[in-house]
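From first to last, the protein sequence lines are chains L and H. Here numbering that gives the first Met the number 0 is used: the first residue of the first sequence is 0, the next is one more, and so on. Here numbering that gives the first Met the number 0 is used: the first residue of the second sequence is 0, the next is one more, and so on. Note that CB positions come from ideal geometry on N, CA and C, so glycine has one too. Since the structure is predicted, the reported quantities are computational estimates derived from the model, not experimental observations. To start, the structure itself, in structure tokens.
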Amino acid sequence: MTSTLWILTQGAAVSLFLAFVGAIGGTAFALLLNVAAFSKIGLLRGFYHTYIYFARGIPLLVQALLIFYALPAFGILIGPLTAGGLVLTLYIGAMFAEVFRGGVLAIPRTLWDSTRSLGLPPASVLRKVVVPLVLRYTLPSYINVCVLTIKASSVLSVISVWELTLAAREIVERTLDVFPVMIAASCFYFVMCFSIDRLGRHVEHRLALKGFSGERP
Amino acid sequence: MIEIRGLRKSYGEVEVLKGANLDVAEGEVVTLIGRSGCGKTTLLRCIDLLEEYDEGEIKLDGKLLWYTSAADGSRQRLSEPVIRQMRQRMGIVFQQYNLFPHMTALENVCLGPEFSQKISTRESNEFGRELLARVGLADKVLAYPFQLSGGQQQRVAIARALAMRPRVLLLDEITSALDPELVAEVEDVIRSLLSEGIMMVLVTHAIGFAREISNKIAYVSEGRISEIGPPADVLDRSQDPTLKEFLRRLR
């Protein structure tokens, strides 16, 4: 029993690591995607929307298989863990990108008028107005996607990424103790997701205190 | 001084400005009045290029703003950095205050000087505090917009516009969104600016206030300035029946 828990803990650590990679990589990728989304160049905007359609329109499971088996065909040889990180980054990046895009669109026209009338240079508009506001607008949705990332990482077991789900399945195949093991795995997932949720609420609260109107008691 | 000549602007099929002309002399206060939809707010926003206009020209101190004529005579929009420079010479205050909700009063006021005009943080903070004190908000420097009343927010917005040390102040119905008892505090701030000799163009429905502070009142009708002159001439001695009707309804 102790060895079962130890194995699951290791699996959970890998899941957490994958989710971390997916969230960080996905955020960076999403920022890049948003440069395309709000570009003056129509082709880039077109690319953005096409990419989002594909990333959202194909199940993550299929995407994972596609990337894992397609890459070697192009001569790119990467291990399951690297492939898993890549799959998550590409998929979660699309989710984050839409979250951020929504946040930018939520900035009222009146505030754009303010930034324009002050003659602010674009870098300052981004740093002093767009980023702080989008952060506050999108934090709940952002945390939501972070939690999704943890759960999405379980799909990577199909491309033989050894993480929590695969670890649990291996134990079940060996011991046939389906319920105790799966319940234990569920608990691990729940605790991870719950912690992210709480952390998100905490940050939300901290930012809300800094003078955001609307959602204060 | 400001010279506006032949300003035209359409939204799709609808022509809002049909060749508006307006002069604002040094230190003058000009109020635009007119029915809603007559184009007065559009005209005001065009002065700061918050709306693009299709034809005509705007000059500030003899210098053409926003557009230039290309060699072949066609009109060309100036580059963004140049436009930003020009915008810094004007301050605009909006009906809905439009303060940045995530910044304190002081941060709102200092944003322009610090990041557009590259004035040091210390210096712009000092100036920002001075301006907030002038609009009677010395004790609200660190307050966020949601902690302030409408009148206080609007006074912060005025301080923010003044922080750029503008040549012109554009005021777009700045008391229209305020509770009646808060109107006076904002009007007092504008009164206190009259001695500065800063040019002002305002849009308002507060005729009494306009009469008191304006050098000239311009009646905007159907996308043009159809009558302009000293307040008494336009408000009391006009022969234009539509203007008389408009004023009668406001009373």
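Near residue i, what residues of its chain come up, given a Cβ to Cβ distance below 8 Å and the 5 sequence neighbours on each side ignored?
i      : result
H:S68  : R74, Q75
H:G5   : G18, A19, N20, E54, G55, E56
H:V185 : G150, Q153, R154, I157, I173, T174, L177
H:G11  : none
H:G111 : Q87, R159, A162, M163
Can you say whether residue i is buried or exposed, counting buried as having 16 or more other CB atoms within 10 angstroms of its CB?
i      : result
L:F189 : exposed
H:G33  : buried
H:P80  : exposed
L:Y52  : exposed
H:P165 : buried
H:P144 : buried
H:Y52  : buried
L:S159 : exposed
L:I182 : exposed
L:G83  : buried
H:S220 : buried
L:P121 : exposed
L:C186 : exposed
H:E226 : buried
H:R247 : exposed
L:E214 : For L:E214, the predicted model reports a pLDDT of 48, less than 50, meaning its position is unreliable; a value from the coordinates is still stated below. Under this definition L:E214 is an exposed residue.
H:A70  : exposed
Helix, strand or coil: which one does DSSP assign to residue i?
i      : result
L:M94  : helix
H:I227 : strand
H:G196 : coil
H:S119 : coil
H:D239 : coil
H:Y96  : coil
L:S156 : helix
H:I20  : Here residue 20 of chain H is Asn; the residue named in the question, Ile, does not match the sequence. Reduced to three states, the DSSP call for H:N20 is strand.
H:L64  : coil
L:L198 : helix
H:F215 : The sequence given here places Lys at residue 215 of chain H; Phe does not occur at that position. Residue state, collapsed to three classes: strand.
H:I157 : helix
H:T203 : coil
L:Q62  : helix
L:E214 : With a pLDDT of only 48 at L:E214, under the threshold of 50, the placement of this residue in the model should not be trusted; the figure read from the coordinates follows. Three-state result, L:E214: coil.
L:S123 : helix
H:Q75  : strand
H:M89  : strand
H:V134 : coil
H:E169 : What sits at residue 169 of chain H in the sequence shown is Leu, not Glu. Strand, per DSSP.
L:I75  : coil
Taking residue i as the query, report the chain B residues whose CB atoms sit under 8 Å from its CB, ordered along the chain.
i     : result
H:L49 : No chain B is present in this structure, whose protein chains are L and H.
Sort the options by Cα distance to residue i and report the nearest one.
i      : options                        : result
H:Q152 : H:Q94, H:D71, H:S220           : H:Q94
H:N107 : H:R154, H:W65, H:M85, H:G150   : H:R154
L:M191 : L:E172, L:R168, L:H204, L:T148 : L:T148
H:L329 : H:R210, H:L77, H:R248, H:E27   : Here chain H covers residues 0 to 250 and nothing more, so residue 329 of chain H does not appear.
H:D47  : H:I82, H:L77, H:L141           : H:I82
L:T8   : L:D176, L:W161, L:A151         : L:W161
L:A207 : L:S156, L:L138, L:P121         : L:L138
H:K58  : H:H204, H:R88, H:G36, H:G72    : H:R88
L:I66  : L:F46, L:L87, L:H48            : L:L87
L:S156 : L:R135, L:F193, L:G78          : L:G78
L:S2   : L:F193, L:R173, L:V103         : L:R173
L:R135 : L:W111, L:G101, L:L163         : L:G101
H:V15  : H:G150, H:L42, H:P112, H:I91   : H:L42
H:I212 : H:Q238, H:T40, H:A142, H:M199  : H:M199
H:K62  : H:L49, H:Q84, H:R44, H:G72     : H:Q84
L:V103 : L:M94, L:F37, L:L119           : L:F37
Since residue i and residue j should fall inside the 8 Å C-beta cutoff, what is the C-beta to C-beta distance between them, to a whole number of angstroms?
i      : j      : result
H:F99  : L:S123 : Rounded, the Cβ-Cβ distance is 12 Å, inconsistent with contact.
L:A184 : L:I6   : Not a contact, Cβ separation roughly 10 Å.
L:P58  : H:H101 : L:P58 to H:H101, Cβ: 38 Å. No contact.
H:A162 : H:G135 : Not confirmed; about 16 Å, so no contact.
L:L154 : L:L60  : According to the sequence displayed, residue 154 of chain L carries Val and not Leu. So it is a contact: roughly 5 Å between Cβ atoms.
H:R86  : L:R115 : 7 Å
L:Y90  : L:A22  : The pair is not a contact, with the Cβ atoms about 12 Å apart (cut-off 8 Å).
L:L163 : L:A11  : 5 Å
L:G41  : L:G92  : Contact doesn't hold; Cβ gap of about 22 Å is too wide.
L:V128 : L:L110 : 7 Å
H:V167 : H:L31  : Going by Cβ atoms, the distance from H:V167 to H:L31 rounds to 14 Å, so no, they are not a contact pair.
H:S123 : H:C109 : 5 Å
Should residue i be counted as a contact of the ligand PLP given a C-beta to heavy atom distance under 8 Å?
i     : result
H:D22 : Although the ligand PLP was asked about, the structure shown includes no ligands whatsoever.
Please go through the same chain and pick out, in chain order, the residues whose beta-carbon is closer than 6 Å to the beta-carbon of residue i, but skip the five residues on each side of it.
i      : result
H:A24  : M0
L:S140 : V98
H:D22  : E2
H:L249 : I206
L:S212 : Because L:S212 sits at a pLDDT of 46, beneath the cut-off of 50, its placement in the model cannot be relied upon, and the following sentence gives the value as read from the coordinates. Answer for L:S212: no residue qualifies.
Can you give me the Cβ contacts of residue i inside the same chain, cut-off strictly under 7 Å, excluding the 5 residues immediately before and after it?
i      : result
L:I142 : I195, D196, G199
L:A35  : L43, R44, F46, Y47
H:L181 : S148, G149, G150
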